[in-house]
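Visitor: Dumping the structure here so I can ask a few things about it.
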Amino acid sequence: MSLQTLIIRYTVFAVIATFMNLFFQRVILLIDNSFPYFITAVAVGTLVGLVVKYYLDKRWIFFDHKKGVHHYSRQFSLYASMGIFTTAIFWGFETVFWLIWHSHFMREIGAIIGLAIGYVVKYHLDKRYVFSHDA
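Mapping of the sequence shown onto my numbering: residues 901 to 1035, in sequence order.
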């Protein structure tokens, strides 16, 4: 796959996962705007985005076709583990923007900035540790 194709695919998949993440957050925050719902919204949105991005990356970025419960469990655990640091970047930006502006628009801007930075870091971690031939 060419570098250009990789960048386009990875960007499109990041946008899809980001949209799903923010969509689920928005739905939960429509119920209630309080801090406990904010925490729930961020957690649920992150989980949805993680699962969507894992499937897309596995199939269309890293072309990993290995199957089996043991393989999926191990690989998804590694994938999620690599995401801990990058999720902290995302949550940090989102939370700071929310605390400063108390606005859904600015919270989402913070989320987008944090996710963009996090996805670049995550690609390199996944390539090296999750989807390498040794993983």
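Just so you know, even glycine gets a beta-carbon here, dropped at the ideal spot from N, CA and C.
Let me confirm a value: K966 is counted as buried when at least 16 other C-beta atoms fall within 10 Å, else exposed. Which label applies?
Guide: Exposed: under 16 other Cβ atoms inside 10 Å.
Visitor: Check G949 in the structure and name its three-state DSSP category.
Guide: If DSSP states are grouped into helix, strand and coil, G949 belongs with the helices.
Visitor: Leaving out five residues on either side along the sequence, give the residues of the same chain with a beta carbon under 6 Å from the beta carbon of A917.
Guide: Contacts found: G949, V952 and K953.
Visitor: Taking the straight line between their C-alpha atoms, what separation do you get for I907 and G992?
Guide: Spanning the two alpha carbons is a distance of roughly 25 Å.
Visitor: Suppose only complete runs of 4+ residues qualify. What are the alpha helix (DSSP H) ranges in the stretch 913-991, listed by chain order?
Guide: Counting only runs of 4 or more, we get 935-956.
Visitor: Let me make sure I understand the geometry here. Which of A941, M901 and I961 has the alpha-carbon closest to that of E1008?
Guide: Here the closest residue by C-alpha is A941.
Visitor: Assuming the contact rule is C-beta atoms closer than 8 Å, V1030 and Q975 should be a hit. Round their C-beta distance to whole Å, please.
Guide: Confirmed, Cβ separation roughly 6 Å.
Visitor: Tell me, to the nearest whole angstrom, how far the beta carbon of G1018 is from that of I989; I am working on the premise that it is less than 8 Å.
Guide: Rounded, the Cβ-Cβ distance is 4 Å, consistent with contact.
Visitor: Determine the direct distance from the alpha carbon of G968 to that of I1000, and round the result to whole angstroms.
Guide: Whole-angstrom Cα-Cα distance: 46 Å.
Visitor: Along the alpha helix (DSSP H) that carries R1007, what are the first and last residues, could you check?
Guide: Residues H1004 to L1025.
Visitor: Taking its Cβ as the centre, do 16 or more other Cβ atoms sit within 10 Å of F997, making it buried, or is it exposed?
Guide: Classification for F997: buried.
Visitor: For the candidate residues F919, Y910, N933 and F923, whose alpha-carbon lies nearest to that of S1003?
Guide: The shortest C-alpha separation from S1003 is found at N933.
Visitor: Could you check if Y924 is buried or exposed, using at least 16 other CB atoms within 10 Å of its CB as the buried criterion?
Guide: Per the sequence shown, the amino acid found at residue 924 is Phe instead of Tyr. It is buried - the Cβ of F924 has at least 16 other Cβ atoms within 10 Å.
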